[in-house]
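*Asks:*
Residue numbers (the numbering used here): 87 to 171.
#1: Does the beta-carbon distance from residue 119 to residue 130 come in below 7 Å?
#2: Specify the secondary structure class of residue 131 as computed by DSSP and reduced to three states.
#3: My output table needs one value for residue 67: the three-state DSSP class, helix, strand or coil.
#4: Using the Cα positions of residue 142 and residue 160, report the straight-line distance between them to the nearest angstrom.
#5: From this set, 100, 94, 111, 127, which residue's C-alpha is nearest residue 146's C-alpha?
Rendered as structure tokens:
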């Protein structure tokens with residue numbers, strides 16, 4: 087099977103990161119969320135900035151978890167040979 091294209095990799099990573107953030111916070115509680123993903127020459131770079139209220143979840147911890155989830159989602163994408171179904 088063919089490897090996923092760059093656009094699929096970036097989209098998969100961004101969706102995974104956002105999913106983690108919104109599992110911890112209601113969308114209306116998030117003041118600002120910036121998920122930056124690049125995939126160049128086989129190297130994935132994920133940066134998550136989250137401005138949300140402190141509460142049950144620490145925003146910095148959630149941002150770190152979101153970045154790790156993005157990496158894991160891309161790893162799974164390649165393990166599946168690019169079959170996102």
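C-beta: ideal position from N, C-alpha, C; glycine also.
*Replies:* Working from what's here:
#1: As a position in the chain shown, residue 119 is number 33, starting the count at 1. As a position in the chain shown, residue 130 is number 44, starting the count at 1. Contact flag unset, no.
#2: If you number the chain shown from 1, residue 131 lands on position 45. Reduced to three states, the DSSP call for residue 131 is strand.
#3: The structure shown does not extend to residue 67, since the chain is modelled only from 87 through 171, so no value can be given for it.
#4: Looking up residue 142 in the chain shown gives position 56. Looking up residue 160 in the chain shown gives position 74. Distance between the alpha carbons of residue 142 and residue 160 is about 28 Å.
#5: For the purposes of this step, residue 146 is taken as residue 60 along the chain shown, with counting starting at 1. It is 111.
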